[in-house]
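Novice: I have a structure I would like to understand better, so I am pasting it below and will then ask my questions one at a time.
In the numbering used here, the protein residues as written are 883 to 1181.
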């Protein structure tokens, strides 16, 4: 059974079911088009997981609360400004620098508010009812968290690098450049596992500090993460580029030899074409380069 829910301002919830995912999606879109205004109807065309009306204030108007339509599509939070000539905004939830909940007084009433900070932009949102807020808050937290072992499922920096990788590399760069064989040293297994789990729960909340965290523990956390991740270090999207780079290996080798020999006033013959050369004279082809992340020390 494939279900979807409708929440009312009266804090009532209706649960509907369909026989398959396609029917569920069609019904959800058809119903949403009946209450979403025409100016915001583009939101109903998204493959949304949640759609509704929220109060917000953002970077453009932090002193004033407004009301608009929001749609959560996987890890993207779309919201409209309710004006035909003004383009809506998108918050990349995996790239949030901050996601916090607090309480504040609004028009004499205590309201729960969620703060989202992403790439210099700030967004505050709150619901119309307690139930409404809980639904949105839980959905946003889930979408912004780490929910798998693929690179795209991690909490990311603005340049799409997992926060755990960026944090560990920054720590090693700042405090470990003078250490020898740093990545060959084993950290404390208990501390490594604990720190790795903390990163998996909420990487953006982890701040590595010298004295509190040891270099060996941080490098082991990085190795463990890379070893356990589903994606290859050379991602499939970049694989063709790595293969094409190998084709340049022999050319670069010849150019390097020419430069070295010119300095010594030697003559270098032209490289032999493998297709034209006799079998016995066929030059050796460099073996494929394999880069494998070594497994971390046992934890």
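By construction, the Cβ of each residue, glycine as well, lies at the ideal position given by its N, Cα and C atoms.
1) Given 8 Å as the limit, is there contact between the segment 912-930 and the segment 995-1015, that is, 3 or more CB pairs closer than that?
2) Going straight from the alpha carbon of residue 994 to that of residue 1060, what length do you get?
3) Please state whether DSSP places residue 965 in a helix, a strand or coil.
4) Does the CB of residue 927 have a neighbour CB from chain C at under 9 Å?
5) Between the beta-carbon of residue 1022 and the beta-carbon of residue 975, is there less than 9 Å?
6) In or out: residue 1063 buried (at least 16 other Cβ within 10 Å) or exposed?
7) Could you compute how far the alpha carbon of residue 946 sits from the alpha carbon of residue 895?
8) For residue 907, which of helix, strand or coil comes out of DSSP?
9) Among all the DSSP beta bridges, which residues are the ones paired with residue 1080?
10) How would you call residue 1126, buried or exposed, if buried means at least 16 neighbouring beta carbons within 10 angstroms?
11) Per DSSP, what kind of secondary structure is residue 918 in: helix, strand or coil?
12) When we look at the beta-carbon of residue 1038 and count the other beta-carbons within 10 Å, is it buried (16 or more) or exposed?
13) Let me check one thing: in DSSP terms, what residues is residue 1189 bridge-paired to?
14) Should residue 1000 and residue 1024 be called a contact, given that it needs their Cβ atoms to be closer than 9 Å?
15) Exposed or buried, residue 891, counting other C-beta atoms within 10 Å across all chains shown (16 or more means buried)?
16) Would residue 1108 and residue 1047 be called neighbours here (beta carbons separated by less than 9 Å)?
17) Pair every Cβ in the segment 1065-1072 with every Cβ in the segment 956-975, then say whether three or more of these pairs are closer than 8 Å.
18) Buried or exposed: which applies to residue 1124, given that a residue is buried once 16 or more other Cβ atoms fall within 10 Å of its Cβ?
19) CA-CA distance, residue 957 and residue 1066?
20) From the DSSP output, read off the bridge partner residues of residue 940.
21) Near residue 939, which residues of its chain fall below 7 Å by C-beta distance, leaving aside the five closest residues on each side in sequence?
22) Would you mind sorting residue 887 into buried or exposed? The rule is 16 or more other CB atoms within 10 Å of its CB.
23) For residue 1022, does the three-state DSSP call read helix, strand or coil?
24) In the DSSP assignment, the beta strand (DSSP E) including residue 974 goes from what residue to what residue?
25) Nearest to residue 1110 by alpha carbon, out of 1082, 1092 and 1086?
26) Measuring CA to CA, which of 971, 1087, 1121 and 1117 is closest to residue 982?
27) Could you tell me the distance, in whole angstroms, from the CA atom of residue 1157 to the CA atom of residue 1113?
28) So, helix, strand or coil for residue 953, using DSSP?
29) Please classify residue 1117: is it buried, with 16 or more other beta-carbons within 10 angstroms of its beta-carbon, or exposed?
30) Going straight from the alpha carbon of residue 900 to that of residue 1091, what length do you get?
31) What residue from 1120, 1129, 1085 and 1075 has the CA that sits closest to residue 1105's CA?
Specialist: According to the data block:
1) no
2) 48 Å
3) coil
4) Here there is only one protein chain, and chain C is not present.
5) yes
6) exposed
7) 30 Å
8) helix
9) BP columns for residue 1080 are empty, so no partner.
10) exposed
11) coil
12) buried
13) Outside the shown range of the chain (883 to 1181) lies residue 1189, about which nothing can therefore be said.
14) no
15) exposed
16) yes
17) no
18) exposed
19) 37 Å
20) 1005
21) 946, 947, 948 and 1006
22) exposed
23) helix
24) 971-974
25) 1082
26) 1087
27) In this prediction, residue 1157 has a pLDDT of 49, which is less than 50 and means its spatial position is unreliable; nothing more can be read from the coordinates.
28) strand
29) exposed
30) 51 Å
31) 1075
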